[in-house]
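Colleague: At position 365 of the sequence shown (counting the first as 1) the number is 365 in full-length UniProt numbering, and the numbers step up by one without a gap.
Just so it is clear, CB atoms sit at the ideal spot from N, CA and C, and this is done for glycine as well.
Below you will find the structure I want to go over with you.
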Amino acid sequence: MPAKRKRSLAPGADGKVDEREESPAPVVKKRKKILHYDPVEICQELYDIIRNHKTEDSRLLCETFIRAPKRRTAADYYEVVTTPIDLLKIQQKLKTEEYDDIDQLTSDVELLVKNAKAYYKKDSQEYNDAEELYNLYDTSRNDLLAEAFGVGEAEDTKNEEAMDEEDDKLEDKEEEKADADDLEALFGVVVTAREDDRDLSLIFQLLPAASRYPDYYEVIKDPIDLRMIGQKIQNNEYKTLADLEKDLLLMLKNAKTFNTPKSQIYKDSMTLRKLIIAKRHELEHKQKVTSKSERLNLRTREKCPIQKMSAICAQLTYPSDDESDIGTVDMNTSQIDYDSEADTTVSDDENPQWALYNTIRNYQTVDGDLSLPFLKLPNKRIYRDYYEEIKRPISLFQIRKKLKQRQYSSLSELASDMNLMFENAKRYNMAQSRLYKDAVILQKAMMERKRELDKFDVKVGFHFINLTEGCYCGQRSRRPLTFHQIKGNLTRGRYKRLDRFQEDMFQVFDRARRLSRTDSQLYEDAVEMQMLFMKTRDELCKNGEMVLTPALSFMERHLQLQVEAEKKAKIPHEQKEDEEKKKTQEIEDKDDDKV
Numbered sequence: 001m002p003a004k005r006k007r008s009l010a011p012g013a014d015g016k017v018d019e020r021e022e023s024p025a026p027v028v029k030k031r032k033k034i035l036h037y038d039p040v041e042i043c044q045e046l047y048d049i050i051r052n053h054k055t056e057d058s059r060l061l062c063e064t065f066i067r068a069p070k071r072r073t074a075a076d077y078y079e080v081v082t083t084p085i086d087l088l089k090i091q092q093k094l095k096t097e098e099y100d101d102i103d104q105l106t107s108d109v110e111l112l113v114k115n116a117k118a119y120y121k122k123d124s125q126e127y128n129d130a131e132e133l134y135n136l137y138d139t140s141r142n143d144l145l146a147e148a149f150g151v152g153e154a155e156d157t158k159n160e161e162a163m164d165e166e167d168d169k170l171e172d173k174e175e176e177k178a179d180a181d182d183l184e185a186l187f188g189v190v191v192t193a194r195e196d197d198r199d200l201s202l203i204f205q206l207l208p209a210a211s212r213y214p215d216y217y218e219v220i221k222d223p224i225d226l227r228m229i230g231q232k233i234q235n236n237e238y239k240t241l242a243d244l245e246k247d248l249l250l251m252l253k254n255a256k257t258f259n260t261p262k263s264q265i266y267k268d269s270m271t272l273r274k275l276i277i278a279k280r281h282e283l284e285h286k287q288k289v290t291s292k293s294e295r296l297n298l299r300t301r302e303k304c305p306i307q308k309m310s311a312i313c314a315q316l317t318y319p320s321d322d323e324s325d326i327g328t329v330d331m332n333t334s335q336i337d338y339d340s341e342a343d344t345t346v347s348d349d350e351n352p353q354w355a356l357y358n359t360i361r362n363y364q365t366v367d368g369d370l371s372l373p374f375l376k377l378p379n380k381r382i383y384r385d386y387y388e389e390i391k392r393p394i395s396l397f398q399i400r401k402k403l404k405q406r407q408y409s410s411l412s413e414l415a416s417d418m419n420l421m422f423e424n425a426k427r428y429n430m431a432q433s434r435l436y437k438d439a440v441i442l443q444k445a446m447m448e449r450k451r452e453l454d455k456f457d458v459k460v461g462f463h464f465i466n467l468t469e470g471c472y473c474g475q476r477s478r479r480p481l482t483f484h485q486i487k488g489n490l491t492r493g494r495y496k497r498l499d500r501f502q503e504d505m506f507q508v509f510d511r512a513r514r515l516s517r518t519d520s521q522l523y524e525d526a527v528e529m530q531m532l533f534m535k536t537r538d539e540l541c542k543n544g545e546m547v548l549t550p551a552l553s554f555m556e557r558h559l560q561l562q563v564e565a566e567k568k569a570k571i572p573h574e575q576k577e578d579e580e581k582k583k584t585q586e587i588e589d590k591d592d593d594k595v
């Protein structure tokens with residue numbers, strides 16, 4: 001239906017208004033501006049700016065806002081602040097790409113600043129930091145947007161991105177189906193991406209095996225890999241470049257959600273995301289400047305290898321459950337290539353060390369064998385970041401090798417290596433990952449089993465020391481430790497491990513008990529101080545919830561066993577000594593009477 005003519009009301013020469021008909025002006029359709037920037041990338045850059053900014057006195061400006069106050073220590077904070085938020089929560093939302101645009105990030109930053117200003121006094125450092133933080137954010141945001149859109153356009157981004165329903169429908173009708181070569185080109189930019197001779201797409205080709213990593217499918221609700229995307233391209237399921245881009249970005253988002261920001265997979269996802277967005281803009285620009293006939297000619301001239309990438313990926317096959325231990329491309333740990341030697345165990349459970357090893361190696365739950373991911377270390381080629389973050393990598397295979405070579409002089413040394421292995425896994429993997437949870441389960445099982453084995457291996461180091469000789473069995477005595485020496489070690493930072501510090505402290509307590517009578521004040525004080533040490537240790541470590549260390553394996557009941565064994569050995573000698581003293585005293589008294 002033709003547009004109606006509008007009547008223009010214009011004043012005539014006599015001052016009256018004449019009605020004149022005018023032809024309608026051509027309708028200017030408002031089209032959505034193609035963004036030449038990535039909102040997620042700008043949000044991340046803004047976060048990095050406020051997270052790393054330092055004041056003139058080299059203090060982190062955001063230090064107060066990294067984590068919200070704890071309810072236990074600052075209950076009044078939650079009476080004032082109804083919607084708490086901190087930088088850790090913002091970082092997590094960035095990681096899972098919950099911010100669709102910069103305005104959403106701005107709202108959270110404004111909420112964070114508002115909370116701080118509501119709780120802290122106006123003359124406080126925290127209040128001033130909150131204001132300075134927002135000023136920094138606001139300035140940085142404007143600068144980044146001006147750089148992305150050009151000066152003067154940053155403020156209009158909202159209006160330019162907004163579309164009414166009629167314009168959207170018109171654009172949908174006008175939008176052409178994506179060219180097959182363009183789909184292949186966009187897909188190919190991911191498949192062919194390399195960095196320092198490393199194939200970035202390798203880890204994204206196939207999903208993790210569900211039998212071994214069920215937690216992946218609990219965390220990731222829409223799993224997708226390059227194989228699935230390649231099959232959809234082959235089946236002509238993508239109508240536009242935007243459809244393909246959506247699936248590719250979903251694949252990368254899943255990887256970022258499941259892995260830590262420090263992991264190589266996370267970093268590769270960020271790299272690939274930039275490549276995808278840049279390639280899509282390039283292809284859309286080509287579609288505008290190139291006519292349809294030219295594109296047809298171009299398609300007949302260029303049959304580049306990229307065109308075959310979707311077909312190649314579509315033909316990939318998932319490994320069977322039996323093969324998954326060897327060949328699964330895993331997004332959390334390495335491709336574990338177990339050998340027959342690493343898969344065997346030793347049945348010498350009479351040896352406490354082998355008994356402890358076999359407990360962990362054969363630990364089973366309804367989810368299967370929990371020790372499998374710990375048999376071998378991650379692949380160095382794929383997981384370079386693991387070896388950058390983990391300074392002392394160790395696996396069950398290495399521990400087993402040391403056991404066979406009898407390199408462990410005690411059960412505690414073996415437990416220390418196992419504890420290191422589990423701590424490495426917890427440090428590298430996210431707390432919600434299956435591997436992290438398995439490490440916690442195995443670590444607790446190891447410590448409990450060690451306590452059981454210690455019961456049968458409690459050796460009371462009680463000796464009657466000849467103080468005049470200062471030696472024992474012909475060997476030169478070692479200078480005993482004192483609290484003064486231990487304090488010096490602490491001051492110089494020599495203790496790197498809690499269990500090593502505990503060992504020295506216990507040596508002082510043991511010596512005090514050994515050289516004193518069981519009914520003496522010194523003996524009782526030594527026992528009481530050691531009990532207090534363990535109680536304080538457990539409180540600081542929160543019984544293993546905050547810090548899980550081999551030091552926690554020695555508990556009050558172990559000390560009680562030692563004390564009981566000491567008393568059992570010493571009391572008969574003390575009674576005999578008392579009787580001899582009594583007899584000697586009686587003889588002396590009789591002699592005095594005679595005199």
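Which residues share a DSSP beta bridge with Asp103?
Modeller: Asp103 pairs with nothing; no bridge assigned.
Colleague: For Tyr77, which residues from the same chain have a beta carbon less than 6 Å from its beta carbon, with the 5 sequence-adjacent residues on both sides left out?
Modeller: Pro69, Tyr119
Colleague: Grab me the residues of Thr96's own chain with a C-beta within less than 6 Å of its C-beta, minus the 5 sequence neighbours each way, in chain order.
Modeller: Thr257
Colleague: Let me check understanding here. Comparing Cα to Cα, which of Tyr217, Lys121, Tyr137 lies closest to Glu110?
Modeller: The shortest CA-to-CA distance from Glu110 to any of Tyr217, Lys121, Tyr137 is the one to Tyr137.
Colleague: Taking a contact to mean a Cβ-Cβ separation below 9 Å, would you say Cys43 touches Leu94 in this structure?
Modeller: yes
Colleague: What does the alpha-carbon distance come out to for the pair Arg434 and Asn259?
Modeller: 12 Å
Colleague: Between which two residues does the alpha helix (DSSP H) harbouring Gly230 extend?
Modeller: 226-234
Colleague: At the 9 Å Cβ level, is Glu389 part of the contact set with chain B, yes or no?
Modeller: As a matter of chain content, chain B is missing from the structure shown, which is built from one protein chain.
Colleague: Using the DSSP secondary-structure output, state which residues sit across from Leu60 in a beta bridge.
Modeller: Lys54
Colleague: Here's the rule I'm using: 16 or more other beta-carbon atoms within 10 Å means buried, otherwise exposed. How should Glu22 be labelled?
Modeller: Here the model assigns Glu22 a pLDDT of 45, short of 50, so the residue's position is not dependable and the matter cannot be decided.
Colleague: Using only the alpha-carbon positions, how far apart do Leu252 and Leu372 sit?
Modeller: Computed Cα separation, rounded: 27 Å.
Colleague: When you compare only the Cα positions, how much space is there between Asn526 and Ala512?
Modeller: Rather than Asn, the amino acid found at residue 526 in this sequence is Ala. Cα to Cα, the separation comes out at about 6 Å.
Colleague: Do Asp268 and residue 608 count as a contact pair if the criterion is CB distance below 9 Å?
Modeller: No statement about residue 608 is possible, as the shown extent of the chain runs from 1 to 595 and does not include it.
Colleague: Are Glu45 and Leu144 close, meaning C-beta to C-beta below 9 Å?
Modeller: yes
Colleague: Would you call the region 493-506 in contact with the region 522-541, where contact means no fewer than 3 C-beta pairs closer than 8 Å?
Modeller: yes
Colleague: Please report the Cβ distance between Gln432 and Val219, rounded to the nearest whole angstrom; I am assuming they are in contact, meaning their Cβ atoms lie under 8 Å.
Modeller: 6 Å
Colleague: When you compare only the Cα positions, how much space is there between Gln234 and Ser310?
Modeller: 7 Å
Colleague: When burial is assigned at 16 or more other CB atoms within 10 Å of the CB, is Glu184 buried or exposed?
Modeller: Buried, since its Cβ has 16 or more Cβ neighbours within 10 Å.
Colleague: Can we say the region 406-425 touches the region 446-454, given the rule of at least three CB pairs closer than 8 Å?
Modeller: yes
Colleague: Do Leu356 and Phe374 have their C-beta atoms within less than 9 Å of each other?
Modeller: Taking C-beta atoms as the reference points, Leu356 and Phe374 fail to come closer than 9 Å.
Colleague: Taking 6 Å as the limit between beta carbons, can you name the residues of its chain near Ile49, skipping five residues before and five after?
Modeller: Ser140
Colleague: When you compare each of Leu548, Glu524, Met270, Thr55 to Val563 by their alpha carbons, which one comes out closest?
Modeller: Ranking Leu548, Glu524, Met270, Thr55 by Cα distance to Val563 puts Glu524 first.
Colleague: Can you grab the Cα-Cα spacing for the pair Asp538 / Asp222, in whole Å?
Modeller: 42 Å
Colleague: Taking C-beta to C-beta, are Thr518 and Glu566 nearer than 9 Å?
Modeller: yes
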